[in-house]
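Participant: Below: one structure in structure tokens.
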């Protein structure tokens with residue numbers, strides 16, 4: 050049993066570190082599809098780590114927490130993932146090295162353990178193994194697509210040597226010498242958002258969709274078009290949440306507090322990160338169902354960028370909570386959005402917004418579990434601080450404006466053209482808007 054506990058701890062720790070790597074990578078990785086994959090994989094990894102920690106707690110020995118490191122050599126090896134700076138290197142590190150070795154270690158454990166006395170472990174690992182196969186369908190294809198690049202070749206060899214020097218994922222291999230390290234502590238992560246070259250208008254300050262969807266003088270199908278764009282634009286929310294997760298984890302690992310956050314905090318936050326990425330994918334699917342090239346739209350990063358630049362992780366979470374709260378009222382929040390989608394005659398949008406509404410209710414509960422303990426005054430303090438934070442951001446943007454869009458494709462009159470492509474007709478003009486004046490609906 051001692052061997053089983055030691056190996057399960059290493060497996061849980063690797064899953065924890067894969068989840069944190071997903072959060073650390075997501076804001077700064079520019080490719081949209083990679084962001085979507087990281088959001089899903091990060092949540093699954095967080096859940097898997099939680100399941101393994103729970104199983105270890107049943108094995109008589111004092112259970113480890115997320116802060117407990119099973120092997121300093123394994124910790125150092127997984128630290129090296131953070132030194133991969135571009136997409137090719139990151140894909141090679143995660144999907145070319147760590148995940149295949151993790152899957153191999155799980156298979157070895159299942160072959161070697163007694164399936165009767167250790168059945169609870171085999172049940173957990175079999176479920177993880179299945180979801181790793183799902184992850185692998187994307188990850189293996191991604192790794193194959195970059196395998197011949199110099200960056201991927203370099204990182205596959207470098208990180209593979211580090212994990213081997215740690216005795217492998219499960220610690221059963223002979224330990225060796227590691228190559229020179231590329232990562233050095235303290236932990237610091239780049240949380241300002243990036244997008245790939247397909248996108249323009251990343252700092253477009255206009256927010257016409259936020260006016261149109263609430264304007265009941267406009268037809269439901271036009272308001273639904275605004276909702277389609279708002280869902281697509283939600284990629285800035287997982288970018289924001291990923292930064293909160295990564296920076297909180299880094300702060301704790303750098304400071305080593307006696308009572309760090311429990312892993313359940315991170316699991317809940319990863320779930321919300323994935324939900325918000327999924328919402329952006331709902332918008333993408335709605336666009337593609339109508340033949341719209343959504344990459345030509347100004348899917349801007351102004352929200353995640355200004356909060357990452359001007360707010361602490363806790364302050365960002367406060368503002369995220371304020372937005373979630375503003376989406377609950379029936380007359381203007383998620384119930385209203387679902388009614389608009391249904392009234393527009395678009396069954397796919399109605400279905401998507403029905404599930405989107407359910408997710409947002411869950412997210413308010415996640416805030417109660419994750420944010421409330423962070424503030425002496427609880428969620429009442431969060432509500433009190435939110436308005437002052439919005440005002441402070443507006444003041445700082447006046448002194449330190451958003452970067453200018455130098456791309457000639459970035460235009461501020463995009464809304465009429467987009468609406469015409471969706472509806473087949475011209476729409477009434479929209480008053481000028483500016484993101485610096487944006488607040489959650491009241």
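Residue numbers (the working numbering): 50 to 491.
Note that beta-carbon positions come from the ideal geometry of N, C-alpha and C, so glycine has one too.
(1) Could you compute how far the alpha carbon of residue 124 sits from the alpha carbon of residue 401?
(2) Please go through the segment 272-318 and give each complete alpha helix (DSSP H) segment of 4 or more residues, from N-terminal end onward.
(3) What's the gap between the Cα of residue 284 and the Cα of residue 109?
(4) Report buried or exposed for residue 119, applying the criterion of at least 16 other Cβ atoms within 10 angstroms of its Cβ.
(5) Grouping DSSP H, G and I as helix and E and B as strand, with all else coil, what is residue 473?
(6) Where does residue 426 sit, in a helix, a strand or coil, going by DSSP?
(7) Residue 166 and residue 317 - do their beta-carbons sit closer together than 9 Å?
(8) Which word fits residue 205, buried or exposed, when buried means at least 16 other C-beta atoms lie within 10 angstroms of its C-beta?
(9) Entirely within the segment 142-169 and at least 4 residues each: give me those alpha helix (DSSP H) ranges in chain order.
(10) Below 8 Å on the Cβ atoms is my guess for residue 252 versus residue 452; work out the distance and round it to an integer in Å.
(11) Once you ignore the five residues that flank residue 208 on each side, which residues in its own chain have a CB closer than 6 Å to its CB?
(12) Taking residue 370 as the reference, give the member of 350, 427, 384 with the closest Cα.
(13) Going along the chain, which residues of its own chain have a beta-carbon closer than 6 Å to the beta-carbon of residue 298, five neighbours each way excluded?
(14) With a threshold of 8 Å on Cβ separation, who are the neighbours of residue 231 within its own chain once the five nearest residues in sequence on each side are excluded?
(15) Using a threshold of 9 Å, state whether the C-beta atoms of residue 90 and residue 188 are closer than that.
(16) Can you give the Cα-Cα distance for residue 449 and residue 442, rounded to whole angstroms?
(17) Quick one: which unbroken alpha helix (DSSP H) runs of 4-plus residues sit fully inside the segment 176-259? Chain order, please.
(18) Is residue 351 closer than 9 Å to residue 248 when the C-beta atoms are compared?
(19) Rounded to the nearest angstrom, how far is the Cβ of residue 136 from that of residue 86, given a contact under 8 Å?
(20) Quick check on DSSP: helix, strand or coil for residue 360?
(21) Alpha carbon to alpha carbon, what distance is there between residue 174 and residue 228?
(22) From residue 320 to residue 364, what does the alpha carbon distance come to, in whole angstroms?
(23) Which one of 305, 292, 335, 306 has the shortest CA to CA distance from residue 278?
(24) My guess is that residue 241 and residue 358 are in contact by the Cβ rule of under 8 Å, so how many angstroms apart are they, rounded?
(25) Quick test of the definition: if touching needs 3 or more C-beta pairs under 8 Å, does the segment 208-218 touch the segment 292-312?
(26) Nearest to residue 466 by CA position, among 181, 412, 274, 327, is which residue?
(27) Could you name the residues of the same chain whose beta carbon sits closer than 8 Å to that of residue 328, not counting the 5 residues immediately before and after it, in chain order?
(28) Please report the Cβ distance between residue 115 and residue 65, rounded to the nearest whole angstrom; I am assuming they are in contact, meaning their Cβ atoms lie under 8 Å.
(29) As a quick exercise: from 259, 483, 50, pick the residue whose alpha carbon is nearest that of residue 163.
(30) In this structure, how does DSSP classify residue 51 when only helix, strand and coil are distinguished?
(31) Compare the C-alpha of residue 93 against each of 463, 71, 76 and name the closest.
(32) Ordered along the chain, which non-local residues of its own chain (more than five positions away) have a Cβ less than 7 Å from that of residue 144?
(33) Can you tell me whether residue 398 is buried or exposed? The criterion is at least 16 other CB atoms within 10 Å of its CB, across all chains shown.
(34) Under a Cβ-count criterion, where at least 16 other Cβ atoms within 10 Å of its own Cβ denotes burial, should residue 2 be classed as buried or exposed?
(35) Between which two residues does the alpha helix (DSSP H) holding residue 398 run?
(36) Since residue 497 is in the alpha helix (DSSP H), which residue starts that stretch and which ends it?
Facilitator: Let's see:
(1) Cα-Cα distance, rounded: 41 Å.
(2) When DSSP assignments are scanned along the segment 272-318, the uninterrupted stretches of alpha helix (DSSP H) that are 4 or more residues long and fall wholly within it turn out to be 285-304.
(3) Straight-line Cα distance between these residues: approximately 43 Å.
(4) Buried, because 16 or more other Cβ atoms sit within 10 Å of the Cβ of residue 119.
(5) Correct three-state label for residue 473: coil.
(6) Correct three-state label for residue 426: coil.
(7) Cβ atoms of residue 317 and residue 166: not closer than 9 Å.
(8) The residue in question, residue 205, is buried, as its Cβ has 16 or more Cβ neighbours within 10 Å.
(9) Counting only unbroken stretches of 4 or more residues, the alpha helix (DSSP H) elements lying wholly within the segment 142-169 are 148-161, in sequence order.
(10) About 5 Å separates the two Cβ atoms, so the contact holds.
(11) Hits under 6 Å: 129, 142, 146.
(12) Nearest Cα to residue 370 within the set 350, 427, 384: 427.
(13) Closer than 6 Å at the Cβ level, and outside the excluded window around residue 298, lie 69.
(14) Contacts found: 129, 132, 207.
(15) If you check the CB distance, residue 90 and residue 188 come in under 9 Å.
(16) Cα-Cα distance, rounded: 10 Å.
(17) You should have 199-214.
(18) Between residue 248 and residue 351, the C-beta gap is not smaller than 9 Å, which leaves the two residues out of contact.
(19) About 11 Å; that fails the 8 Å criterion.
(20) If DSSP states are grouped into helix, strand and coil, residue 360 belongs with coil.
(21) The alpha-carbon atoms of residue 228 and residue 174 are separated by roughly 31 Å.
(22) In a straight line, the C-alpha of residue 320 is about 20 Å away from that of residue 364.
(23) Nearest option by C-alpha distance: 335.
(24) 7 Å between Cβ atoms; contact.
(25) The segment 208-218 is not in contact with the segment 292-312.
(26) The shortest C-alpha separation from residue 466 is found at 274.
(27) Once the five neighbours on either side are set aside, the close Cβ partners of residue 328 are 280, 283, 286, 405, 408.
(28) At roughly 6 Å, the Cβ-Cβ gap stays under 8 Å, so residue 115 and residue 65 are in contact.
(29) Put simply, of 259, 483, 50 the residue whose alpha carbon is nearest the alpha carbon of residue 163 is 50.
(30) When secondary structure is reduced to three states using DSSP, residue 51 falls in the helix class.
(31) Of the listed residues, the one whose Cα sits closest to residue 93 is 71.
(32) If we look at residue 144 and ignore the five residues flanking it on each side, its Cβ neighbours are 188, 189, 191, 192.
(33) Residue 398 should be labelled buried.
(34) The structure shown does not extend to residue 2, since the chain is modelled only from 50 to 491, so the question has no answer here.
(35) Counting along the chain, the alpha helix (DSSP H) containing residue 398 begins and ends at 396-419.
(36) Since the first and last residues shown for the chain are 50 and 491, residue 497 lies out of range.
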